[in-house]
Every structure is written in C-alpha cells, then in structure tokens.
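*Asks:* Sequential numbering from 649 applies to the sequence shown in my numbering. Shown below is the structure under consideration.
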Amino acid sequence: MTVIDVKYLYPYGAFSGKFPLTMTFNVTGVTSSSKVQVLAYNDETGQWEVVECTVGNGTVTAVLNSLSLVAFVVDGKTAGTINTATSTGSGSNTSTVSPKTGEGNTMMIVAMFAAIGLAGMTVVVAGRKRA
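Here is the structure:
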C-alpha cells in the first residue's frame, strides 16, 4: 500500500455541518476495483484512524468524524499506474510543476546595494581628500 495524496480539510467560513460527514474526493487513477484506504488524523489522540470509504472510477467517498488531515492509501498496482502516468505525462493523471518559492535573488540584491554603497563611500572619501 502506498500513500498517494494527503489533504488538509478545514471549513471555509462558519461550519454548520453535522458529523459524521460524508465527502467525495476526486482521486486520479483509482478505479472501482482499486483497494483504497482512507486515513484521518485524530487531533485528540494524535493517531491516524482508518475511515469507512467506497471507491468509484476516479472518486473516493469517505465518512468523516472531523475535519483534519486525510490520507489516501492505495494498493501497489494502482500506485504503479498513477506513478507511471505522472512520470510519462500520459494517461489521465497529469503532473504539474511547482512554482519556485523562496528568495532566490536576495544575494544579488544585497551585492548590488553593497557595490552602490562602496561606490558612494569612494566618492565621499575622494571628495574629502581634495578639500
């Protein structure tokens, strides 16, 4: 069994639903014959719990007792199909490229300001020597 996706569920605005809550998720690569387990993280116990679920073609429906982290675990055959489709770019699963994050140009900006500062100090020192 392989974890293929983890989602964090949280309410958007005020939550007025009642538990248990039945939710259907789109899970690329699963079929009605796939062996799937849904795990929900219980914040109170700090443990992952197996959740009742049913599987369809591309969907997993689970009965949840809270909104938290949810992990989708599939059998090796399904996981292999999903990984193959992602790595080759074919099939129904398409891979996406994550945007670059962080501050990649920070050092360049710091070096630029240091050079400007050094040039400014050189002009000031040269002006004082002339005076």
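For glycine and all other residues, C-beta sits at the position ideal for the given N, C-alpha and C. The structure presented is a predicted model; accordingly, all values stated were derived computationally and were not measured.
1. Taking 7 angstroms as the cut-off, is the C-beta of W696 nearer than that to any heavy atom in the ligand MN?
2. Report yes or no: do three or more beta-carbon pairs, one from the region 650–657 and one from the region 665–683, lie closer than 8 angstroms?
3. Looking at C-alpha atoms only, which residue of N705, T709, G677, A762 is the closest neighbour of P781?
4. Just to confirm my understanding: we take G737, look at its own chain, exclude 5 residues before and 5 after, and list those with CB closer than 6 angstroms. What are they?
5. Rounded to a whole number of angstroms, what is the C-alpha to C-alpha distance between E697 and A662?
6. Rounded to whole angstroms, what is the Cα-Cα separation between A733 and G677?
*Replies:* Taking the definition as stated:
1. The model on display carries no ligand, and the ligand MN is accordingly not part of it.
2. Segments in contact, yes.
3. This structure cannot speak to residue 781, because the chain is shown only from 649 to 779.
4. Its pLDDT being 38, under 50, G737 is placed unreliably in this model, and the coordinates cannot settle the point.
5. Pairing E697 with A662, the inter-Cα distance amounts to about 26 angstroms.
6. Residue placement at A733 cannot be trusted, given a pLDDT of 45 that sits under 50; the coordinates are not used to answer.
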